[in-house]
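Trainee: In the UniProt record's numbering, the protein residues as written are 1 to 570.
For glycine and all other residues, C-beta sits at the position ideal for the given N, C-alpha and C.
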């Protein structure tokens with residue numbers, strides 16, 4: 001007998017709600033969790049942190065965020081291999097979980113970086129004993145795969161969400177503060193008394209240093225090209241602000257947390273002044289590109305702040321059509337009606353408005369629906385770790401589809417290697433940005449870089465097929481099969497897709513014959529066997545149960561993920 005809880009579909013029905021709901025729920029769970037450790041990933045962590053901050057405000061309690069990483073992880077990978085490194089990360093995750101209270105929250109952001117959240121705190125003094133317990137737990141040797149005991153050190157950065165009138169922190173800012181405190185802890189590792197650093201302790205000196213650099217005009221810009229895959233050419237650049245500190249260029253993640261609102265306006269003015277000169281120089285050299293830059297979300301919430309932004313834009317000698325003003329999700333955007341009105345006012349003058357880091361926050365898709373933006377940038381968190389979490393391709397595809405349905409331009413950020421670039425080309429992503437396209441560069445370097453890369457951009461692309469692309473193709477293939485079964489079974493019967501001999505995935509597996517993919521090939525054959533078993537039911541016009549097919553489809557994807565984890569890393 002068929003399980004009563006499984007979805008059934010009349011052979012000639014157009015209803016697809018139930019199977020897609022189950023598939024979506026499964027994909028949602030996968031996309032919120034790290035495939036290696038089972039912990040929440042960056043997306044799952046962010047979705048937890050927002051309501052946790054709201055609870056802290058509502059209950060008038062403290063909330064603490066700590067970012068933790070291993071001091072000696074790379075030597076473990078180099079000496080024992082990545083498989084042992086993975087085992088170490090799994091054991092660290094397990095020990096951290098045991099050291100925390102049930103109400104605490106733990107996530108892995110990627111690599112050897114973990115983040116911890118404690119909410120419902122009455123005072124700060126509750127945290128040091130927990131950190132001491134974590135230190136002792138992680139200091140014990142790790143016996144992995146018969147190897148002698150491995151010892152690793154740890155560093156952590158801690159910040160508190162005070163939710164006072166002067167504390168305007170949001171989730172992203174808390175992460176940046178914890179990350180900065182972690183950086184300080186690692187910088188002073190040789191002479192520190194504890195493995196963790198508190199953000200507030202280092203904040204005052206750093207705040208003075210950052211403000212001094214800004215007011216001395218020590219702001220410099222680098223530009224990162226954006227590749228349009230439809231035209232196979234560079235169409236624009238993003239302006240990336242840095243503070244010039246002689247020996248190093250300080251990136252926004254390290255200086256933005258220290259800027260007061262007035263400092264942020266000063267930064268916007270400096271950026272606009274410099275890009276005006278750079279754009280003019282490029283134009284005289286025959287280079288026609290648009291430039292995108294971030295603007296303050298708060299500049300859109302009232303007529304006063306909009307007027308101030310307008311005055312800065314009026315002083316920038318660049319045609320509005322060549323500027324894209326990108327806004328980040330923030331609490332200040334919550335006034336959707338006034339923000340939408342400000343956006344339309346700017347669009348009437350020819351400016352294009354972009355929504356940055358879409359998918360990073362819980363409300364960004366709401367903004368995409370309610371704000372009349374021209375462009376969206378898909379957050380790099382969905383892209384950078386595709387090699388470790390290929391199930392993020394489900395959500396990447398969903399956001400691409402939403403963006404296309406909203407008739408907005410789409411840029412995918414964080415395209416760091418050729419494999420990811422190839423899979424995004426396969427998925428027909430419109431525009432890409434990341435190291436696989438180009439690293440950020442100085443304005444003076446751009447003309448020569450464009451000249452040397454034009455030929456490569458226009459050349460025929462020989463794409464080396466890999467497991468990540470296979471994962472993307474299997475997603476599309478299984479989606480097509482499910483659509484045929486649930487909405488057009490007659491066409492399904494005419495196409496006869498149950499034969500693995502003519503299956504495009506089977507042909508792709510042959511391209512990867514240098515790898516041992518026997519378990520994957522078996523899982524795929526089993527998928528076709530289940531598919532073929534549905535044919536008599538379809539031909540009789542009876543109800544079909546596609547639940548076993550969906551489950552086997554997930555097994556195929558899991559085998560691809562396993563094969564990706566086992567292959568040697570560069």
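1. Do the segment 85–104 and the segment 126–141 touch if we need at least three Cβ pairs shorter than 8 Å?
2. Can you give me the Cβ contacts of residue 553 inside the same chain, cut-off strictly under 7 Å, excluding the 5 residues immediately before and after it?
3. Rounding to the nearest angstrom, what Cα-Cα distance links residue 119 and residue 46 in this structure?
4. Indicate whether the contact test is met: 3 or more Cβ pairs, each with one atom in the segment 462–473 and one in the segment 422–436, closer than 8 Å.
5. Would residue 87 count as contacting chain B if we go by Cβ distances under 8 Å?
6. Under three-state DSSP, which class holds residue 130?
7. With DSSP as the reference, please indicate the residues paired to residue 157 in a beta bridge.
8. Would you kindly work out how many angstroms separate the C-alpha atoms of residue 372 and residue 366, rounded to a whole number?
9. Identify the residues that DSSP records as bridge partners of residue 409: which are they?
10. What three-state label does DSSP hand residue 217 in the structure shown?
11. Return the chain-ordered list of same chain residues with a C-beta closer than 7 Å to the C-beta of residue 474, the five sequence neighbours on each side being excluded.
12. Count Cβ pairs between the segment 35–45 and the segment 387–401 that sit closer than 8 Å; are there 3 or more?
13. In three-state terms, what does DSSP make of residue 170?
14. For the putative contact between residue 383 and residue 413, defined by C-beta atoms under 8 Å, what is the C-beta separation to the nearest angstrom?
15. Could you check where the alpha helix (DSSP H) with residue 540 kicks off and where it finishes?
16. With a 10 Å radius around its C-beta and 16 neighbouring C-beta atoms as the bar for buried, classify residue 339 as buried or exposed.
17. By how many angstroms is the C-alpha of residue 306 removed from the C-alpha of residue 214?
18. List the DSSP bridge partners of residue 225.
19. Out of curiosity, what's the CA-to-CA distance linking residue 226 and residue 283?
20. What would DSSP say about residue 124, mapped onto helix, strand or coil?
21. Among 380, 430, 315, 522, whose alpha-carbon lies nearest the alpha-carbon of residue 42?
22. Just tell me which of 172, 267, 198 has its CA closest to the CA of residue 217.
23. For residue 108, which beta-bridge partners are listed by DSSP?
24. Excluding five sequence neighbours on each side, which residues of the same chain lie with their C-beta closer than 7 Å to the C-beta of residue 21?
25. Using three-state DSSP, classify residue 438 as helix, strand or coil.
26. Quick check: what's the CA-CA separation for residue 324 versus residue 241?
27. For residue 447, tell me which candidate among 409, 279, 125, 232 has the shortest Cα-Cα distance.
28. Between the Cα of residue 314 and those of 276, 289, 296, spot the shortest distance and give me the residue it belongs to.
29. Are the segment 61–69 and the segment 101–115 touching by the rule of at least three beta carbon pairs closer than 8 Å?
30. So, with DSSP's three-state summary, where would you put residue 354?
31. Count the other CB atoms, across all protein chains shown, that sit within 10 Å of the CB of residue 501; report buried if there are 16 or more and exposed otherwise.
32. For residue 521, I'd like the list of residues in its chain whose CB is within less than 8 Å of its CB, leaving aside the five on either flank, ordered along the chain.
33. Rounded C-beta distance between residue 430 and residue 230? I'm assuming under 8 Å.
34. Between the alpha carbons of residue 122 and residue 61, how many angstroms are there, rounded?
35. Tell me the DSSP secondary structure of residue 5 in three-state form.
36. Using the C-alpha atoms, what's the distance from residue 385 back to residue 434?
Mentor: Looking at the atomic coordinates:
1. yes
2. 478, 527
3. 14 Å
4. yes
5. The displayed structure is made up of one protein chain only, and chain B is not part of it.
6. helix
7. 67, 197
8. 11 Å
9. 375
10. coil
11. 505, 556, 557, 560
12. yes
13. coil
14. 7 Å
15. 535–540
16. buried
17. 23 Å
18. 237
19. 17 Å
20. helix
21. 380
22. 267
23. 114
24. For residue 21, the pLDDT reaches just 44, beneath the cut-off of 50, and the residue's location in the model is therefore unreliable, although a value from the coordinates is still provided. Excluding residues within five positions, none has a Cβ falling inside 7 Å.
25. coil
26. 15 Å
27. 279
28. 276
29. yes
30. strand
31. exposed
32. 509
33. 6 Å
34. 6 Å
35. Annotation note: pLDDT 39 at residue 5 (below 50); position unreliable, coordinate value reported separately. DSSP places residue 5 in coil when its eight states are reduced to three.
36. 13 Å
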